[in-house]
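S.K.:
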Amino acid sequence: MDIFLNIQGLFPFLFILGISPLLVGLINKQKALLTGRIGAPLWQPYFDLLRLTRKETIYAVTASFVSRLAPVVAFAAVLISSLMLPIGYVKPILSFNGDIIVFAYLLGLARFFQILGAMDIGSSFEGMGAAREATFAVFAEPIYFFTLGSLAFISGHTSIYDIYHSIRLDNPTSLVFIIVSSISAFFLMMTECSRMPIDDPNTHLELTMIHEVMILDNSGIDLFLYQYSSFIKIMIYAIYEASFFNPFSMQNPWLGFSVFIVMLLLLTALIAWVETMIARFKMKSIPQYLLFATAIGILNLLIYTFVRQ
Amino acid sequence: MLAPGEILQSLELLQNDRGYFVYAELLISTIMISLSVQNHQPFAIGDIPIVSIAEFEASVRELLMAHSRMIGLFGMDPSASPGTVIAVLANRLSSSIHLVGTTFTPTENHFASFAGEYPQTHYFECELAENHHVIPVGHPWLRPVRKQTTVLGDQPYSLYAMEGEEVHEVAVGPIHAGIIEPGHFRFQCHGEEVYHLEISLGYQHRGIEAMLLAADARQRNILCESIAGDTVIGHTMAYTLAIEALSHATVSLRTQVLRTIAEELERIAMHLAGLGGIGNDIGYAIGASSYGRLRTLVINSSALLCGSRFGRGFITPGGLRFDPADEALERIQDNLRVVQNDIAAINRVMIESTSVISRLDQTGVVTKEWARSIGMVGPAARACGIEIDTRSQFPYGTYRYTHLPLITLSTGDVFARTRMRSFEIDESLQFIFDQLENLAPGPVIGPLADMLPECGVISLVEGWRGEIAHCAFTDAAGAFTRYKIKDPSFHNWYGLALAMRSVAISDFPLINKSFDLSYAGHDL
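The listed protein sequences derive, respectively, from chains A and B.
FYI, the numbering used here numbers position 125 of the first sequence as 125, with every residue one higher than the one before it.
Numbers given in the numbering used here equal positions in the second sequence, counted from 1, plus 309.
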């Protein structure tokens with residue numbers, strides 16, 4: 001039985017690995033259409049990844065072992081965290097009490113190594129990017145813990161799978177939680193995945209970048225690992241968001257899966273719309289924006305307190 | 310008669326009180342030693358007063374005090390040794406240009422710098438020191454203009470550096486991530502905050518001024534089109550008008566109007582490119598793509614008018630290379646109507662977007678006082694509230710008959726420079742429609758006589774970036790002996806450096822784009 005569950009649990013993992021570049025392709029395509037262009041094909045992110053595997057990996061002369069280690073650790077950490085996410089009612093491979101914390105800090109570990117890798121070479125640009133990434137991570141962490149964490153508090157579970165499954169449609173307050181959590185989760189997603197209005201993934205201006213500037217000196221397979229892990233990260237956060245609508249799969253697995261897919265598509269459309277219509281924030285106003293998202297997350301706890309009375 | 314020192318003293322007293330300012334100006338005009346000419350008015354070189362170094366210093370100082378702006382400080386002989394040096398200053402209040410000269414020798418090669426009091430002369434003095442080894446004594450910041458690492462011929466120069474434990478230095482360029490021209494930027498930062506930006510240029514130096522002296526008439530036309538690739542019409546106009554002034558040529562009204570239309574088309578196209586660039590730099594994709602699309606329509610109109618999307622090969626001394634067909638002019642009008650209609654829509658969307666406004670507002674501020682003291686020009690200066698526009702203050706061509714409104718904004722930030730562009734586009738579109746409405750018939754090319762011998766002319770033109778100055782001088786045979794070019798970027802690069810003070814370094818690309826300066830125009 002366990003083995004069967006584990007094989008089933010492979011499905012979310014393979015889904016994340018296989019579909020994540022397509023998700024990015026979808027965002028880019030819709031962005032192009034919104035600005036009146038034809039845009040790159042949907043499969044472009046796959047081609048990009050394939051191209052990177054064929055490229056030579058070059059290291060700066062000042063690079064130490066950290067530069068070689070960082071992309072691998074970052075990629076591995078993101079991979080492991082993706083093993084913890086459920087899709088629909090399918091139980092993920094890794095699921096235990098307290099994995100909500102492990103999940104957060106695995107992604108934190110990936111970031112930590114990416115920051116180390118960026119600072120290792122000693123370029124002033126990458127140091128700047130690393131400083132920004134570290135600063136904004138401090139503000140982004142509370143968003144995670146106030147959205148999923150507050151749900152954990154409310155449901156009394158500490159495993160991601162259990163938390164999502166504690167959301168039930170027959171409970172009217174759950175609906176409020178779904179709405180509130182998905183708003184702040186969207187903010188978190190945009191921050192963690194270096195999308196607009198926090199970071200501009202398409203800019204060529206190294207002075208304004210956050211994520212992109214940290215990988216300026218990476219090439220070949222290292223760049224492949226960084227790019228792929230950033231694609232997977234978008235997928236992880238998209239699932240993180242879409243899973244709030246999990247209760248539908250309680251009633252009917254196929255309905256649940258359809259809702260899940262529709263949610264992913266809606267998310268890509270929303271990201272594309274935001275990236276087209278909204279200008280990037282000034283660097284100094286980003287913390288305010290993130291604190292605002294945290295405040296929305298706190299709403300969950302407030303609502304819970306009032307409803308219980 | 311008062312001694313120059315006493316006069317200066319009394320003038321300073323008068324200047325303190327604005328009410329007496331007019332008297333001060335009148336007083337100055339009676340004692341100044343200078344040749345006063347109009348824009349595009351030829352003059353004999355012998356008429357330029359060549360005075361002693363002390364009198365030169367006093368005269369230039371008086372002119373600067375009377376709110377003239379320096380537009381040139383250069384040796385009459387292009388060689389590197391000290392010789393006769395001419396200062397050219399423009400007074401936009403009286404629409405007059407003043408010239409005064411002095412002679413330096415290898416031993417007598419010093420003059421008292423004006424840059425301490427009038428920072429606008431700072432860069433001109435650096436250029437003079439670099440090109441002619443004339444030393445401005447007491448210059449606050451003698452730095453290379455085009456040679457990057459040496460000053461005064463051979464002394465090494467190192468960029469300004471800040472010291473301190475938490476201070477760090479960021480070097481950008483000369484090779485950039487985008488496909489743009491080369492230039493080196495050195496930021497002195499504390500965290501994200503920039504304390505000082507030093508801009509080191511000269512990587513594009515091609516020796517255009519020397520090439521112009523060696524070239525024949527046809528080559529000169531092409532060279533002038535290549536001074537700055539984005540200001541083809543502007544620089545070609547300045548050159549053409551200089552030649553026509555020196556050879557007393559008159560061109561038909563039709564020629565003048567068509568030239569002005571080409572100039573305004575270039576202005577619209579480049580402002581649209583700038584707006585699109587600003588949209589791109591703030592990650593505002595809808596703005597970037599909409600302005601980009603409209604720019605294509607405008608440069609296609611330029612192609613219909615000039616035969617080239619960037620206006621090359623259209624304007625030539627004596628007139629135009631060809632007369633555009635009526636159908637082409639019809640299609641230009643159709644194109645521009647689309648632009649006028651669509652630009653209103655995208656402007657509205659952009660101005661109403663809170664995220665755009667919060668990004669642009671209060672970013673990269675240049676105050677009016679700074680802008681005035683460093684002699685900024687063009688839309689960047691008008692965005693600071695300075696009323697400066699060659700088209701209305703030193704009118705030439707069609708602008709003598711048709712008045713374009715002079716628009717100024719007051720905040721001097723990226724928002725003002727952005728908004729200034731969209732205002733100017735609107736005015737230029739209206740101007741072109743008005744001009745095309747009743748286009749006079751007539752020949753577009755006329756005969757061109759030889760240039761006057763031993764004469765000079767100052768040719769000021771308002772390019773899309775600001776005031777372009779070409780100073781041309783001829784020898785006894787009527788051939789050029791000196792041709793000095795000043796692109797608006799020459800003033801405004803310093804404005805960019807000032808706008809970066811106490812600003813987050815991540816705002817640099819945006820502020821840089823809002824100025825949109827030329828490397829090639831500066832480097833020549």
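By construction, the Cβ of each residue, glycine as well, lies at the ideal position given by its N, Cα and C atoms.
1) Check the DSSP bridge columns for Ala-363 of chain B and list the partner residues they point to.
2) Please return the same chain residues whose Cβ sits closer than 6 angstroms to the Cβ of Leu-109 of chain A, not counting the five positions on each side in sequence.
3) For the stretch 100-117 of chain A, which residues have a beta carbon sitting closer than 9 angstroms to at least one beta carbon of chain B?
4) Quick one: is Ala-70 of chain A near chain B, going by C-beta distance under 8 angstroms?
5) Which ranges does the alpha helix (DSSP H) cover as unbroken runs of at least 4 residues, wholly within the stretch 670-699 of chain B, from first to last along the chain?
6) In terms of DSSP beta bridges, what is Glu-502 of chain B paired with?
7) On the criterion of 16 or more Cβ atoms from any shown chain inside 10 Å, does Trp-450 of chain B qualify as buried, or is it exposed?
8) At which residues does the beta strand (DSSP E) containing Ala-254 of chain B begin and terminate?
9) Residue range of the beta strand (DSSP E) that Thr-783 of chain B falls in?
10) Report the option in A:Ile-100, A:Pro-142, A:Val-73 whose CA atom is closest to the CA atom of Gly-117 of chain A.
11) Taking a Cβ distance cut-off of 9 angstroms, strictly less, list which residues of the stretch 499-529 of chain B are near chain A, in chain order.
12) Could you confirm whether any beta carbon from chain A is found closer than 8 angstroms to the beta carbon of Val-607 of chain B?
13) By Cβ distance below 8 angstroms, which residues in the same chain neighbour Phe-136 of chain A in space, the five residues on each side in sequence not counted?
14) In this structure, does DSSP put Tyr-710 of chain B in helix, strand or coil?
15) From Tyr-828 of chain B to Thr-430 of chain B, what distance separates their C-alpha atoms?
16) Is the stretch 578-591 of chain B in contact with the stretch 602-614 of chain B, if contact means three or more CB pairs nearer than 8 angstroms?
17) Kindly list, in the order they appear in chain A, the residues whose Cβ is closer than 8 angstroms to that of Arg-602 of chain B.
18) Since Ile-794 of chain B is in the beta strand (DSSP E), which residue starts that stretch and which ends it?
19) How is Phe-494 of chain B classed by DSSP in three states: helix, strand or coil?
20) In this structure, does DSSP put Val-560 of chain B in helix, strand or coil?
21) Are there 16 or more other CB atoms within 10 angstroms of the CB of Gln-671 of chain B, so buried, or fewer, so exposed?
22) Quick one: what's Ser-345 of chain B bridged to in DSSP?
23) Which residue from A:Leu-14, A:Lys-31, A:Gln-8, A:Gly-18 puts its Cα closest to that of Arg-195 of chain A?
24) Compare the C-beta of Asp-735 of chain B with all C-beta atoms of chain A and state if any pair is closer than 8 angstroms.
25) When the Cα of Pro-797 of chain B is compared with those of B:Ala-375, B:Thr-790, B:Phe-824, B:Val-503, which residue comes out closest?
26) Within 8 angstroms of any Cβ in chain E, is that where the Cβ of Asp-217 of chain A sits?
27) How would you call Ala-333 of chain B, buried or exposed, if buried means at least 16 neighbouring beta carbons within 10 angstroms?
28) Can you tell which of A:Thr-53, A:Val-66, A:Ala-272 has the C-alpha that lies nearest to the C-alpha of Asp-200 of chain A?
29) Is DSSP giving Ala-389 of chain B helix, strand or coil here?
30) Taking the straight line between their C-alpha atoms, what separation do you get for Asp-590 of chain B and Phe-742 of chain B?
31) Looking only at its chain, what residues have a beta carbon closer than 6 angstroms to the beta carbon of Thr-57 of chain A, apart from the 5 residues adjacent to it on each side?
32) Indicate whether at least one CB of chain B lies closer than 8 angstroms to the CB of Phe-187 of chain A.
33) Please state whether DSSP places Gly-588 of chain B in a helix, a strand or coil.
34) List the whole-angstrom C-beta distance separating Ser-82 of chain A from Ile-16 of chain A, where the pair is believed to meet the contact cut-off of C-beta under 8 angstroms.
35) The stretch 178-207 of chain A: which residues have C-beta closer than 7 angstroms to a C-beta of chain B, in chain order?
36) In chain A, which residues lie less than 8 angstroms from Ile-652 of chain B when you measure between Cβ atoms?
M.R.: According to the structure shown:
1) In DSSP, Ala-363 of chain B forms no bridge with anything.
2) So the list reads Ala-77, once near-sequence residues are dropped.
3) none
4) no
5) 677-682, 687-691
6) B:His-499, B:Ala-813
7) exposed
8) This structure gives no information on residue 254 of chain B, because the portion of chain B shown stretches from 310 to 833.
9) Thr-783 of chain B -> beta strand (DSSP E) spans 775-783.
10) A:Val-73
11) Gly-500, Glu-501
12) no
13) Thr-191, Ile-198, Ile-210, Ile-286, Pro-287, Leu-290
14) coil
15) 20 angstroms
16) yes
17) For Arg-602 of chain B, the chain A residues whose Cβ falls inside 8 angstroms of its Cβ are Gly-36, in order along the chain.
18) 789-795
19) strand
20) coil
21) exposed
22) B:His-407
23) A:Lys-31
24) no
25) Ranking the options by Cα distance to Pro-797 of chain B, first place goes to B:Phe-824.
26) Considering every chain present, this structure includes no chain E. Its protein chains are A and B.
27) Confidence in Ala-333 of chain B is poor, its pLDDT being 45 and thus under 50, which makes the residue's placement unreliable; the coordinate value appears in the next sentence. Under this definition Ala-333 of chain B is a buried residue.
28) A:Ala-272
29) coil
30) 32 angstroms
31) Ser-219, Gly-220, Ile-221, Asp-222
32) no
33) helix
34) Ser-82 of chain A to Ile-16 of chain A, Cβ: 5 angstroms. Contact.
35) Met-196, Pro-197, Asp-200, Thr-203, His-204, Leu-205, Glu-206, Leu-207
36) Neighbours of Ile-652 of chain B on chain A: none; closest Cβ ~15 angstroms, over 8 angstroms.
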